[in-house]
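Residue 417 in full-length UniProt numbering sits at position 417 of the sequence shown; the count goes up by one each step and never skips.
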Amino acid sequence: MFDKQVYIQRRAALKSQLNSGILLFLGNEDSPMNYKDNTYHFRQDSTFLYYFGISEPNLAAVIDLDEDEIMLFGNEMGIDDIVWMGRQKTLQEKSEDSGLKNVQPAEKLAFYLSQYQQKNRAIHFLPPYRSENKIKLSAWLNLKIDQLKSAASIPFIKAVVAQRSIKSIEEITELDKAASLSADMHLMIMQQAKPGMYERELAAKIQEAALSSGGNLAYPAILTVRGEILHNHNHGNLLKDGQMVLNDSGVETEMGYAGDLTRTFPVGKKFSAEQKDVYDIVLQAYTNAKNLLAPGVRYLDVHLTSCKTLAQGLKDIGLMKGNVDDAVAAGAHAMFFQCGTGHMMGLDVHDMEDLGEQYVGYTEELIKNTTQFGLKSLRLGKELEAGYVLTVEPGVYIIPELIDPWKATYEFAEFINYDKLEQFRYFTGIRVEDDFLVTENGGRMLGKHLALTTTEIEDIRSQA
Numbered sequence: 001m002f003d004k005q006v007y008i009q010r011r012a013a014l015k016s017q018l019n020s021g022i023l024l025f026l027g028n029e030d031s032p033m034n035y036k037d038n039t040y041h042f043r044q045d046s047t048f049l050y051y052f053g054i055s056e057p058n059l060a061a062v063i064d065l066d067e068d069e070i071m072l073f074g075n076e077m078g079i080d081d082i083v084w085m086g087r088q089k090t091l092q093e094k095s096e097d098s099g100l101k102n103v104q105p106a107e108k109l110a111f112y113l114s115q116y117q118q119k120n121r122a123i124h125f126l127p128p129y130r131s132e133n134k135i136k137l138s139a140w141l142n143l144k145i146d147q148l149k150s151a152a153s154i155p156f157i158k159a160v161v162a163q164r165s166i167k168s169i170e171e172i173t174e175l176d177k178a179a180s181l182s183a184d185m186h187l188m189i190m191q192q193a194k195p196g197m198y199e200r201e202l203a204a205k206i207q208e209a210a211l212s213s214g215g216n217l218a219y220p221a222i223l224t225v226r227g228e229i230l231h232n233h234n235h236g237n238l239l240k241d242g243q244m245v246l247n248d249s250g251v252e253t254e255m256g257y258a259g260d261l262t263r264t265f266p267v268g269k270k271f272s273a274e275q276k277d278v279y280d281i282v283l284q285a286y287t288n289a290k291n292l293l294a295p296g297v298r299y300l301d302v303h304l305t306s307c308k309t310l311a312q313g314l315k316d317i318g319l320m321k322g323n324v325d326d327a328v329a330a331g332a333h334a335m336f337f338q339c340g341t342g343h344m345m346g347l348d349v350h351d352m353e354d355l356g357e358q359y360v361g362y363t364e365e366l367i368k369n370t371t372q373f374g375l376k377s378l379r380l381g382k383e384l385e386a387g388y389v390l391t392v393e394p395g396v397y398i399i400p401e402l403i404d405p406w407k408a409t410y411e412f413a414e415f416i417n418y419d420k421l422e423q424f425r426y427f428t429g430i431r432v433e434d435d436f437l438v439t440e441n442g443g444r445m446l447g448k449h450l451a452l453t454t455t456e457i458e459d460i461r462s463q464a
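Here's what the structure looks like:
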């Protein structure tokens, strides 16, 4: 945990943004894999972690704005818990570490909520994403489960998003640490990958490195020679000379802050000529995007710059044609780049995504495009502010299953050279990704440098 004053000040800042009612925070529970006592790795809800700092299951909290009261709800360990888990800090001690004094038994929360309802006091809650919390809220607030999302408090959501979006000095330190640990992990994989290994062997090394750092993985690793599959968590392929490995993985620090890096490197010693051409196109898109980062710049424009850079590069090697601006406006580039250039990051690798992309990445004036292929996957579009932390991650992905339906109708035939594209049908994909802090004057990459150019990567691979 940070110093207790950090949590006291965070809660005070939140209270100043809302006028009245009850703010309800639900922590997460343990989730069983196949029976009650065999659980997945516990991860506390990030908003609960942000305001209270206690990483323990079965907790909840209430901030009463009218009575200026804060209560933590949970139970102390019983003798059975101590037998199985060992003596730990008491909940009272943990609450004091968070600057809290009023701790109530978990079972009293339902009573308090019923009292608030009887007095017609507004109970503000955030959109639940865990099934167990949906069930509890449904019972406590007499709402159907499918009503919870629309009943969540928009003022509460907006206040949390505004506060969590601007990273403090303590958070930036953790995010720098996460990015540096992630860079070390990526370098190790780049050094140890060899033809004849299975993807799962490298995925195991990633898991080991994350745990050895004192934290964990920030998200399930994407380690694959099938880089055109955007979220490929299968690790069953054998590495062969001539292929590329796409490694998208990051460390989560013990404090819960995420790193999110991607590098693509050859299974052998060198990239092929075609692989190098496409890699350099992606790297130029990355460079142009990161150089635009600054307060007041819309990330939508950063994304469109990245798209136009990719389209121009692909035109230069014959995969696209026609006017680049028109091609991007029409969405033709999405044959090769189906996702967004980046997203907010912090305690969540996709920061605050549970609160709603429209609130996190967009504004009332800038509404997310939810229909155009490619743009609908852009999680961040609004103007940047100093203190934002985000990723820059352009890529080129050639998906055979996408080529066929588009080619059948000659979709965007004025912009896509389908004859040339057939030569690249099994190219797979390339992504380059780093994490950035928006500063007063521009942007700063978080963490340490990780091999970025084809020359740097081939130098490492030559020693593997």
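Just so it is clear, CB atoms sit at the ideal spot from N, CA and C, and this is done for glycine as well.
Asked	Found
Enclosing beta strand (DSSP E) for I430 [first to last residue]	T428 to R431
Cβ shell of R10 (< 6 Å), same chain only, five flanking positions each side left out	Y51
Counted within 10 angstroms of its Cβ, other Cβ atoms place G250 as buried (16 or more) or exposed	buried
Under 8 Å between C-beta atoms of G242 and H124	no
Q92 in three-state terms, based on DSSP	helix
CB contact check: P105 to chain B, cutoff 8 Å	The chain labelled as chain B is not found in the depicted structure, where only one protein chain is given.
Rounded straight-line distance, which links the Cα of L390 to that of E96	33 Å
Inter-residue CB distance, E458 and K270 (contact presumed, cutoff 8 Å)	5 Å
Between the CA atoms of T428 and L223 - distance to the nearest angstrom	13 Å
Short Cβ contact (8 Å threshold) for T47 with F25	yes
Beta bridge counterpart(s) of residue 475 as assigned by DSSP	Past the boundaries of the shown model lies residue 475; the chain is included only from 1 to 464, so the question cannot be answered.
6 Å Cβ shell around D248 - same chain, five flanking residues per side excluded	I222 and T262
Endpoints, alpha helix (DSSP H) assigned at L49	S46 to F52
Sub-8 Å separation of D354 and Y129 beta-carbons	yes
Residue range of the beta strand (DSSP E) that includes N247	M244 to S249
Validate contact between the stretch 431 to 450 and the stretch 380 to 400 using beta carbons, cut 8 Å, 3 pairs	yes
Cut-off 7 Å between Cβ atoms - residues of its own chain near T90, not counting five sequence neighbours on either side	E76
Contacts around A151, its chain only, beta-carbon distance under 6 Å, and the 5 residues preceding and following it disregarded	L143
DSSP-derived helix/strand/coil call for V225	coil
Rounded separation between Y279 and I430 - CA only	7 Å
T363 to I166 span [Cα, whole Å]	16 Å
S212 CB to nearest heavy atom of the ligand NAP below 7 Å	Among the ligands in the structure shown, none appear at all, so the ligand NAP cannot be discussed.
Close beta carbons around Q92, own chain, < 6 Å, minus the five adjacent residues each side	V103
Burial state of N38, where buried means 16 or more other Cβ atoms lie within 10 Å	exposed
C-alpha distance - N237 paired with P266, whole-angstrom precision	15 Å
Cβ separation of H303 and G346, assumed to be a contact under 8 Å, to the nearest whole Å	Between G346 and H303 the Cβ distance is about 20 Å, and since that is not below 8 Å, they are no contact.
Closest Cα partner of T453 within the set A209, K276 and S131	K276
Nearest residue (CA-CA) to D351, options L293, G447, K368 and D260	D260
Reduced DSSP category for P266 - H, G, I as helix; E, B as strand; rest coil	strand
Separation of D146 from S131, as counted between CA atoms	12 Å
Closest Cα partner of Q446 within the set S138, N232, D176 and Y116	Sequence check: residue 446 is Leu here, not Gln. Ranking the options by Cα distance to L446, first place goes to D176.
Sequence-distant residues of its chain with Cβ nearer than 8 Å to D301 (five each side left out)	L292
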